[in-house]
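A short worksheet on the structure shown next.
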Amino acid sequence: MSTIDYAKARAEVSSDPHLFMLAFHAGWKASPGEDTEGYVRSLIAQGDTAAAAGYLEGLAARRKVAANAKAVTRKAVTA
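Numbering (this note's numbering), first residue to last: 2 to 80.
As structure tokens, then:
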């Protein structure tokens with residue numbers, strides 16, 4: 002299952018699938034220096050749980066892709 006397929010499946014079971022996917026995209030695009038924790042806290046404080054979940058899923062997906070890319074690069078360099 003691809004990253005976007007996984008996100009779509011998670012969105013379908015959220016309280017607001019459209020908001021989840023918008024937030025997923027925002028989390029995916031978050032810059033490394035961005036205050037992601039503060040942003041998620043503000044979403045939760047506003048009661049936007051679908052947005053908070055989507056944002057966190059986007060962050061996690063992006064970090065997983067980045068970590069896998071680093072591992073592949075490291076493996077290629079040491080081979």
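Note that beta-carbon positions come from the ideal geometry of N, C-alpha and C, so glycine has one too.
Assuming the contact rule is C-beta atoms closer than 8 Å, residue i and residue j should be a hit. Round their C-beta distance to whole Å, please.
{"i": "residue 59", "j": "residue 27", "result": "6 Å"}
{"i": "residue 75", "j": "residue 29", "result": "That belief does not hold up - the Cβ atoms of residue 75 and residue 29 are roughly 23 Å apart, past 8 Å."}
{"i": "residue 22", "j": "residue 48", "result": "That pair is no contact at about 18 Å."}
{"i": "residue 53", "j": "residue 44", "result": "4 Å"}
What does the Cβ neighbour count give for residue i, buried or exposed, with the cut at 16 atoms within 10 Å?
{"i": "residue 2", "result": "exposed"}
{"i": "residue 8", "result": "buried"}
{"i": "residue 73", "result": "exposed"}
{"i": "residue 14", "result": "exposed"}
{"i": "residue 41", "result": "buried"}
{"i": "residue 70", "result": "exposed"}
{"i": "residue 67", "result": "exposed"}
{"i": "residue 10", "result": "exposed"}
One question on the structure: do residue i and residue j come within less than 8 Å of each other, judged by their Cβ atoms?
{"i": "residue 16", "j": "residue 46", "result": "no"}
Practice item. Report the residue ranges of all alpha helix (DSSP H) runs contained in full by the region 3 to 70; include only those spanning at least 4 residues, in chain order. Key: Within the region 3 to 70, the complete alpha helix (DSSP H) runs of at least 4 residues are 4 to 13, 18 to 30, 37 to 46.
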